[in-house]
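J.: Please find one structure pasted underneath; my questions will follow.
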Amino acid sequence: MKRATIITLQAVLALSLLGSLAVQVLILPAIWRDLTDTAFGWRVAAVTILALWLVCLQVVAICIWRLVAMAADDAVFSRGAFRFVDTVIAAIVAAAVLTAAIATLLVPGSIAPGVVGIVYCAALATGGVALVVVVMRSLLVKAVEMRSELDEVV
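For the sequence shown, full-length UniProt numbering begins at 1 and goes up steadily by one.
This is the structure:
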């Protein structure tokens, strides 16, 4: 992987981490304040789900950072990469479930049914992203196997 690509990706990941931290510190308290007219349980659930969704994003960014670092060191085709890929899959699945939970919270409210449907579709699409990463993981398994075989030959 080219050095410019690595630096650019790390910059994007750093910005996304900083942005998500800013949302956690600045925006979530504002959402909490804006929801003062709603039921306390709904308010707690909504802000908690949003906070956990941000944590999922942060976990994915950190794991991708580690995978990029492994790629830079030409070590991505190793068994050590699997724990990061598996963590990414788990975080994306968790984000899909959390997105569906937000949609479910919106069902009994005054939100338009189309909006709820869009949020459910976003949950489904997020689950689809997890499946894409599962496919990429299987490709990584094959690449590691091939590299191991090549190392034995050489």
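A virtual CB, placed ideally from N, CA and C, is assigned to each residue, including glycine.
Quick check: what's the CA-CA separation for Ala-71 versus Thr-5?
T.: Within the sequence shown, numbered from 1, the residue matching residue 71 stands at position 71. Within the sequence shown, numbered from 1, the residue matching residue 5 stands at position 5. Going by the C-alpha atoms only, they are around 11 Å apart.
J.: Measure how close the beta-carbons of Ala-96 and Ala-130 come, nearest whole angstrom, since I'm counting them as under 8 Å.
T.: Residue mapping note: residue 96 aligns to position 96 of the sequence shown, counting from 1. Residue mapping note: residue 130 aligns to position 130 of the sequence shown, counting from 1. With a Cβ gap of about 6 Å, Ala-96 and Ala-130 count as contacting.
J.: What does the alpha-carbon distance come out to for the pair Lys-2 and Ala-75?
T.: Residue 2 sits at position 2 when you count from the first residue of the sequence shown. Residue 75 sits at position 75 when you count from the first residue of the sequence shown. Taking the straight line joining both Cα atoms gives about 15 Å.
J.: What distance in whole Å lies between the Cβ atoms of Phe-82 and Ala-143, which are believed to be in contact at a cut-off of 8 Å?
T.: By 1-based counting over the sequence shown, the position of residue 143 is 143. By 1-based counting over the sequence shown, the position of residue 82 is 82. Between Phe-82 and Ala-143 the Cβ distance is about 11 Å, and since that is not below 8 Å, they are no contact.
J.: Note down the Cα distance separating Gln-58 from Ser-16, rounded to an integer number of angstroms.
T.: Here residue 58 corresponds to residue number 58 of the sequence shown, with the count starting at 1. Here residue 16 corresponds to residue number 16 of the sequence shown, with the count starting at 1. Near 8 Å, if we compare the C-alpha coordinates of Ser-16 and Gln-58.
J.: Determine, using beta-carbon pairs with one atom in the segment 84-92 and one in the segment 36-51, whether at least three such pairs fall under 8 Å.
T.: Short answer: they don't touch.
J.: Taking the CB atoms as reference points, tell me whether Cys-63 and Phe-84 lie closer together than 8 Å.
T.: As a working mapping, residue 63 is identified with position 63 in the sequence shown. As a working mapping, residue 84 is identified with position 84 in the sequence shown. Contact flag set, yes.
J.: Take Val-23 and list the residues in its own chain whose beta-carbon comes closer than 7 Å to its own, dropping the five residues that flank it on each side.
T.: Position 23 of the sequence shown, counted from the start, is the residue given in the question as residue 23. The residues are Leu-54.
J.: Please identify the residue among Arg-66, Glu-145 and Thr-87 whose C-alpha is closest to the C-alpha of Gln-10.
T.: The residue labelled residue 10 in the question sits at position 10 within the sequence shown. Ranking the options by Cα distance to Gln-10, first place goes to Arg-66.
J.: Just to confirm the assignment: which complete alpha helix (DSSP H) runs, minimum length 4, are found wholly within the segment 31-81?
T.: Correct list: 40-72.
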